[in-house]
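Each protein sequence line maps, in turn, to chains A and B. Take the first sequence: its position 74, counted from the start at 1, is 77 in this note's numbering, and no numbers get skipped. Take the second sequence: its position 103, counted from the start at 1, is 107 in this note's numbering, and no numbers get skipped. All C-beta atoms in this analysis are idealised placements derived from N, C-alpha and C, irrespective of residue type, glycine included. Remarks on the structure that follows.
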Amino acid sequence: MTVSDADVARLAAHVHKAQLDAQAIPKLTNEHPDLSVEDGYRVQVALQRRYLEAGHRLVGWKAGLTSQAKMRQMGVSEPSVGFLTDRMAVPEGTVVETSTMVHPRVECEVAFVLGADLPAKGCTVEDVLAATAYVVPAIEIIDSRYEAFKFDLPSVIADNSSSARFVVGGNPTRLETVDRTTLGLAMVKNGELLTTGASAAVMGDPAAAVALTANLVGRLGQQLRRGMIILSGGITAAFPVAPGDHVSARFQSLGVVDVRFA
Amino acid sequence: MSAPVTPELLNALSEELFAAWQQQRTIAPLRNRAELTLDHAYRIQQGFVERRLAAGETIVGKKIGVTSKAVQDLLEVRQPDFGQLTSGMVVPDGGTLDVSKMIQPKAEAELAFVLGEDLVGPGITAVDVINATAWVAPCIELVDSRIQGWDIKIVDTVADNASCGMYVIGEAKASPLDVDLNLAGTVVKVDGEVVTTGAGAAVQSGPANAVAWLANTLGELGLPFRKGEVILSGSQSILLPVTAGQTLECIIGGLGACSVTFTNGSAQ
C-alpha cells in the first residue's frame, strides 16, 4: 500500500483545514500520484471522524457526479459519495456567506428522506422505494477545496465529494405519488432562468443513485439509516454564485426551494 | 456589394430556397446578399412555402423557433420566430424517418399544441391560448437547414421557413389543464439511454407564452391561425445529432412519449 495510514491522517487534516479556512489547495494527487479511489475514501472517512469528534452530527449522504452533465463538466466517469452533517444544513431563508467557501456553486436535486435503513450491500432500486418516507426538493451548494475546481476522482472523494452546504424546502411528497423519472425543474437565478432539467438526468432514475450511494457507503463500513437525508445528485450542471445572488429551484410537484448569498 | 431589395429579389430567394429544399442541397447565407429585414425574411418564407403548397402540400400548423435565451443570444434577437408546417413534414409516432432525405437534420424535444378554436391576434394572452387549446402532446422536431453549415442569423432561418424539417407528434395527448406546461420534465432518450432533459420553462418561461406570441405575430401579419392547426411551441432540449440506426424518444412527465427511428435509405 503506497498511501499509509499516517498519510491518510495527514491528508484528512490538510483537507479539513482547507474546508475550515475556505482555502484552495492543490489536488492531493499532485503530491500522491498513486492515491486511488479507495484511498480517497479512506481520507474521507478520516475527515468525517474529525467532524464527528468536533461534535457535528451525521445527518445524511450525497451522491455526486451522477448526471452526464456533471461528469462531463468535471471530466470524471463515475459517481462518488460524500457525507452530510448538521452544520452543512442551511435553513431556507438563511443568507449563506460565500466568504466561508472557496468558490461555491449551486445545483438542484431531489432529496430522499429514509423511513427505514437501507441494506449496505446489494441495495436495489426496489429497496430504495420501500425505504423512502418522502422526497423534498434541494439546492446543494458544492465547493471544491481544490484550485480552480479542478480535480480527479480520488482527490474529490477525499474532499468529501465537494460537499459544502445544502438547503431543502418545498413540499414533502410521497415518492409513489410522482413519476420519479420525469420530475421537471426550472433553476432560476436573480429572476433569470439558468436552466431546466428533469430527474431522469440522474442515472435515468434518482432512486438508482440512492441505491448506488447505499452500496458505496456500505463499502466504507457505514449504512444509510432511517431518518437520513440523501441528496441524489445534481440534475443540472453546477452554477457559480456570488454575493447578492438569489437562487430558486422550482420543481414539478415538489414545490420551490430558495437560497440567497452574501 | 449588397443588392437592392426588390420584389424580384425576394421572389428569387424564395425560389432558390425551394429549389435547394427539393434538391436536398444547401445555399449560401442570404443575409450578405442584400440588406434584408425580418419583414423581408418572412416574405421570402411565404414565397418558399407557397411553392411547396403549389407542389401539392397543405398547411397543417406552425412552429415557433428561437425561444430560448441561449439561441436568441446566438442569433442576436430578443424574440422568437415562426415557420409554417406543411403536410409533407409529418412522421407518424413510432415510425421511421429516412434521414438521407434530409440535408443536415438535428432533433429537438418540444410540447405540441393543437388548437380547438381559431386564435386571432393581436391581443392574445397565454390564458387565451390555454382556452383555445384542444390538446397538447409530446413532439420531436427534426429541424433542417437549407443554408450551408447551419451558418444562420435570424433573416436566414426565417426565410428558410424557420429551419423546418420534419416532425413527430405523440399519440399520447392531454388537455393543457392536465399537464404542468412549465415544469413537467422532458426527457430525451437515444436507444433507451437518457441524453438530455429539460422543462417547458425553457421556452419563453412557458410554452403558452410562446404560442400567444405566435398568435399575436400572425395577427399582425394577417396570417390565419385556425382550429385544428398544430403548433410546435419551441425546443425544451439542446439540439441533438440525428444518426441513422438510432431511435429517439421524447417523454414529457404526466403526458407520455413519442419516438422515431432514423434510417438511411436502402440501408434500413
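Specify, as a first and last residue, the run of the alpha helix (DSSP H) that residue i falls within.
i: A:P209; result: 209–222
i: A:G258; result: Run containing A:G258: none in the alpha helix (DSSP H); it sits in the beta strand (DSSP E), 258–264.
i: A:K20; result: 8–24
i: B:Q26; result: 11–27
i: B:D43; result: 42–58
i: A:R177; result: Looking at the DSSP string, A:R177 is not in any alpha helix (DSSP H), and its letter there is neither H nor E.
i: B:K73; result: 73–79
i: B:T161; result: 158–163
Rounded C-beta distance between residue i and residue j? I'm assuming under 8 angstroms.
i: B:Q152; j: B:A32; result: 6 angstroms
i: B:G258; j: B:A212; result: So it is not a contact: roughly 16 angstroms between Cβ atoms.
i: A:T184; j: A:S256; result: Not confirmed; about 13 angstroms, so no contact.
i: A:V105; j: A:Q225; result: Not confirmed; about 27 angstroms, so no contact.
i: A:A196; j: B:A130; result: The residue you asked about is not Ala; residue 196 of chain A is Leu in the sequence shown. Actually they are not in contact, since the Cβ atoms of A:L196 and B:A130 sit about 16 angstroms apart, beyond 8 angstroms.
i: A:P140; j: A:G173; result: 4 angstroms
i: B:G92; j: B:S263; result: Contact flag wrong, Cβ pair sits at about 20 angstroms.
i: B:P142; j: B:A261; result: 6 angstroms
i: A:R253; j: A:V191; result: 7 angstroms
i: B:V94; j: B:F117; result: Not a contact, Cβ separation roughly 16 angstroms.
i: A:E81; j: A:E110; result: So it is not a contact: roughly 18 angstroms between Cβ atoms.
i: A:G207; j: B:V198; result: 5 angstroms
i: A:L132; j: A:I232; result: Actually they are not in contact, since the Cβ atoms of A:L132 and A:I232 sit about 17 angstroms apart, beyond 8 angstroms.
Excluding sequence positions up to five away, which residues of its chain have a Cβ less than 8 angstroms from the Cβ of residue i?
i: A:V18; result: I28, L31, V46, L50, R148, A161, D162, N163
i: A:A203; result: T184, T185
i: B:D155; result: P33
i: A:V259; result: P140, G172, G173, S251, A252, R253
Excluding sequence positions up to five away, which residues of its chain have a Cβ less than 7 angstroms from the Cβ of residue i?
i: A:A15; result: V46, A49, L50, R53
i: B:Q76; result: V70, R82
i: A:A92; result: V62, F169
i: A:V205; result: T69, S70, A212, S235, G236, I238
i: A:I89; result: Checking the sequence, you will find Asp at residue 89 of chain A rather than Ile. Correct list, in chain order: H59, R60, V62.
i: B:S18; result: I48, G51, F52, R55
i: B:V9; result: A38, E39, L40, H44
Let's see if you can read the secondary structure: which residues bound the beta strand (DSSP E) around residue i?
i: B:L225; result: Taken as a continuous stretch (DSSP letters only), B:L225 belongs to no beta strand (DSSP E), being part of the alpha helix (DSSP H) at 211–225.
i: A:S83; result: 83–88
i: A:H249; result: 249–254
i: A:P122; result: Counting along the chain, A:P122 falls outside any beta strand (DSSP E), and DSSP gives it neither H nor E.
i: A:K192; result: 187–192
i: B:I235; result: 234–236
i: B:D102; result: 99–102
i: A:E150; result: No beta strand (DSSP E) contains A:E150, which DSSP labels as neither H nor E.
i: A:E195; result: 195–201
What residues are listed by DSSP as bridge partners for residue i?
i: B:T200; result: B:V192
i: B:M170; result: B:L146
i: B:P245; result: B:K110
i: A:K65; result: A:G85, A:L234
i: B:G260; result: B:I256
i: A:R168; result: A:I144
i: B:Q286; result: Nothing about residue 286 of chain B can be reported from this structure: the residues present for chain B run from 5 to 272 only.
i: B:I31; result: B:I151
i: B:A205; result: Beta-bridge pairing links B:A205 to no other residue.
i: B:A7; result: B:A38
i: B:T137; result: B:L119
i: A:A92; result: A:F169
i: B:V128; result: Here the sequence assigns Ile to residue 128 of chain B, which means Val is not the residue at that position. Bridge partners of B:I128: none, in fact.
Please classify residue i as buried or exposed, where buried requires at least 16 neighbouring CB atoms within 10 angstroms.
i: A:K73; result: buried
i: B:A271; result: In this prediction, B:A271 has a pLDDT of 48, which is less than 50 and means its spatial position is unreliable; nothing more can be read from the coordinates.
i: A:A9; result: exposed
i: B:L236; result: buried
i: A:V98; result: exposed
i: A:S7; result: exposed
i: A:E100; result: exposed
i: A:K153; result: exposed
i: B:Q88; result: buried
i: B:K231; result: exposed
i: B:R150; result: buried
i: B:A136; result: buried
i: B:G125; result: buried
i: A:N33; result: exposed
i: A:K20; result: exposed
i: A:S102; result: exposed
i: A:T5; result: exposed
For residue i, which residues of its own chain have a beta-carbon under 6 angstroms away from its beta-carbon, when the five flanking residues on both sides are left out?
i: B:I134; result: P180, A212
i: A:R228; result: D120
i: A:G187; result: A201, Q255
i: A:T198; result: M190, T239
i: A:C266; result: Only positions 4 to 265 of chain A appear in this structure, which leaves residue 266 of chain A out of reach.
i: A:L178; result: T135, V138
i: B:E145; result: E112, E114, Y171, L236
i: A:Q76; result: A240
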